[in-house]
Amino acid sequence: MQTENNIKLFLVDDDALFLKSLEIEFLQHADFTIKTFATGELCMDHLSYKYAMNGMETLDKIKAFNPDIPVVMLSSQDKIDVAINCMHHRAFDYVVKSETAFMRLQKIITTVFRYKKMEKTLNWYMERM
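Take the sequence shown: its letters are residues 4 to 132, numbered as in the working numbering.
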């Protein structure tokens, strides 16, 4: 059942089979509203932007749109310098595509929501002091 409170999850990947398998896994294991995009351009177009960009540029545009959106980068590149660069661009985390990527993404998303809940609670207390 879709409601306004459902978690909205945008999945972006140029590998259509991997993207579809991620979508299926998330739909089977959680109550998400999922939108899939084959390119960063399509994702950003959905957010009212129109740019031709790679993954890093997509990350930068999302952060420019709203710096509080947690972005997890998923890539087939397993080079540490790529992961570090993503973190410097304020990615929440970086995951290399593999057989365990889905399990890792599940844990990261759980962490994101715990962090956001904790942040919201802290802000509530801070406003009352």
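All C-beta atoms in this analysis are idealised placements derived from N, C-alpha and C, irrespective of residue type, glycine included. The structure presented is a predicted model; accordingly, all values stated were derived computationally and were not measured.
Coarse secondary structure for residue i, derived from DSSP in three states
i, result
"D96", "strand"
"L20", "helix"
"L50", "coil"
"T61", "helix"
Close beta carbons around residue i, own chain, < 7 Å, minus the five adjacent residues each side
i, result
"D17", "A41 and T42"
Environment of residue i [buried if 16+ CB atoms lie within 10 Å]
i, result
"A67", "exposed"
"D48", "exposed"
"A19", "exposed"
"E44", "buried"
Residues near residue i by beta carbon distance below 6 Å, same chain, minus five either side
i, result
"A86", "Y97"
Check: Is there contact here, the segment 58-78 with the segment 100-115, by at least three beta-carbon pairs under 8 Å?
Finding: yes
Checklist line | Contained alpha helix (DSSP H) runs [length at least 4] in the segment 63-128, N- to C-terminal order | finding: 83-91
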